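Under numbering that gives the first Met the number 0, the residues of the sequence shown are numbered 0 to 163, in order.
Beta carbons: idealized from backbone N, C-alpha and C, even for Gly.
Remember, predicted model here, so these are calculated numbers, not experimental data.
One structure is given here, and the rest of the page talks about it.
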Amino acid sequence: MIEERGVAKGTMAQDGAILWAIWGILHVWVGYEGVHQYMSAGVRGQWSTLVGGARVPRETFDYATDAATAFAHSQLILNFCLDVGGYGVLGLFIAWMIWAHASWMAYLIGLVAIGIGDLSFLFALVTSGVIEFSFAVILGPLVWFIAVVVTPFGLPRLWSSRRT
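Next comes the structure, spelled out in structure tokens:
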């Protein structure tokens with residue numbers, strides 16, 4: 000255990016914090032790329048980042064042809080990407096709270112809140128065949144899973160087995 004500023008944490012918590020930070024950066028990038036596609040390529044560019052899986056190949060995907068539907072799609076995809084970017088900011092905050100304060104509360108927020116976001120993405124978009132299955136696509140859930148497993152081993156004990 001390492002003690003800084005009165006907070007005892009193990010190297011596994013520091014490793015976990017680094018993983019949470021990597022997870023956060025990956026997801027902030029998704030937010031950035033979503034805005035980039037929105038600004039530069041429009042709804043076709045946005046959709047091209049979200050389809051390509053086994054059940055929704057890019058070459059057979061039918062893009063909306065009417066302006067109202069295309070606009071609604073574009074705004075929904077922009078919102079999705081910005082939400083993912085917001086999760087990334089949360090991941091960076093969790094990383095800092097674990098690194099600086101060995102915070103169990105930050106860990107639990109990452110486990111539950113980020114877990115809901117990452118696992119819903121994994122099951123609703125990846126395993127269903129909507130989005131293209133690739134290492135880059137599953138990297139986020141993989142890093143989240145490793146962070147969830149590693150981090151608690153370096154956090155301070157929640158209770159002591161000492162008897163008084």
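- Sequence ranges, alpha helix (DSSP H) only - wholly within the stretch 39 to 81, length at least 4: 41 to 49
- Item | Euclidean distance between Cα positions of threonine 64 and alanine 40 | Mapped onto the sequence shown, residue 64 falls at position 65. Mapped onto the sequence shown, residue 40 falls at position 41. Taking the straight line joining both Cα atoms gives about 15 Å.
- Beta-carbon gap between isoleucine 113 and alanine 105 smaller than 8 Å: Against the sequence shown, residue 113 aligns to sequence position 114. Against the sequence shown, residue 105 aligns to sequence position 106. The answer is no: Cβ separation not under 8 Å.
- Give the C-beta separation of alanine 53 and glycine 109 to the nearest angstrom, bearing in mind that I take them to be a contact with Cβ-Cβ under 8 Å. Numbered from its first residue, the sequence shown carries residue 53 at position 54. Numbered from its first residue, the sequence shown carries residue 109 at position 110. That pair is no contact at about 30 Å.
- Item | leucine 25 vs alanine 146 beta-carbon contact at 8 Å | The residue labelled residue 25 in the question sits at position 26 within the sequence shown. The residue labelled residue 146 in the question sits at position 147 within the sequence shown. It is not a contact, given that the beta carbons lie outside the stated cut-off.
- Item | aspartate 117 vs tryptophan 143 beta-carbon contact at 8 Å | Counting from 1 along the sequence shown, the entry for residue 117 is found at position 118. Counting from 1 along the sequence shown, the entry for residue 143 is found at position 144. Their beta carbons are under 8 Å apart, which means aspartate 117 touches tryptophan 143 by this criterion.
- Item | Rounded separation between histidine 72 and leucine 91 - CA only | Position 73 of the sequence shown, counted from the first residue, corresponds to residue 72. Position 92 of the sequence shown, counted from the first residue, corresponds to residue 91. In a straight line, the C-alpha of histidine 72 is about 29 Å away from that of leucine 91.
- Ignore the nearest five residues each way along the sequence and tell me which others in tyrosine 31's own chain have a CB closer than 8 Å to its CB. The residue you call residue 31 lines up with position 32 of the sequence shown. These residues qualify, in order along the chain: Gly84.
- Message: Quick check on valine 88: buried or exposed, where buried means 16 or more other Cβ atoms within 10 Å of its Cβ?
- Response: Here the question's residue 88 lines up with position 89 in the sequence shown. Classification of valine 88: exposed, given that the 10 Å Cβ count is below 16.
- Is it right to say alanine 12 is buried, meaning 16 or more other beta carbons lie within 10 angstroms of its own, or is it exposed? One-based indexing of the sequence shown puts residue 12 at position 13. The residue in question, alanine 12, is buried, as its Cβ has 16 or more Cβ neighbours within 10 Å.
- Message: On the CB-based measure, 16 or more other CB atoms within 10 Å of its CB, does phenylalanine 122 come out buried or exposed?
- Response: For this step, residue 122 is matched to residue 123 along the sequence shown. By the neighbour-count rule (16 or more Cβ atoms within 10 Å), phenylalanine 122 is not buried but exposed.
- Buried or exposed (CB count within 10 angstroms, at least 16 for buried), tryptophan 158: In the sequence shown, the residue the question calls residue 158 occupies position 159. Answer is exposed; the Cβ neighbour count stays below 16.
- Item | Whether glycine 51 touches arginine 57 by CB criterion (8 Å) | Start at 1 with the first residue of the sequence shown, and residue 51 comes out as number 52. Start at 1 with the first residue of the sequence shown, and residue 57 comes out as number 58. Yes; because the gap between Cβ atoms is below 8 Å, this pair is in contact.
- Query: Looking at the unbroken alpha helix (DSSP H) that takes in leucine 138, where does it start and where does it end?
  - Reply: Taking the first residue of the sequence shown as 1, we reach residue 138 at position 139. Run containing leucine 138: 134 to 149, per the alpha helix (DSSP H) assignment.
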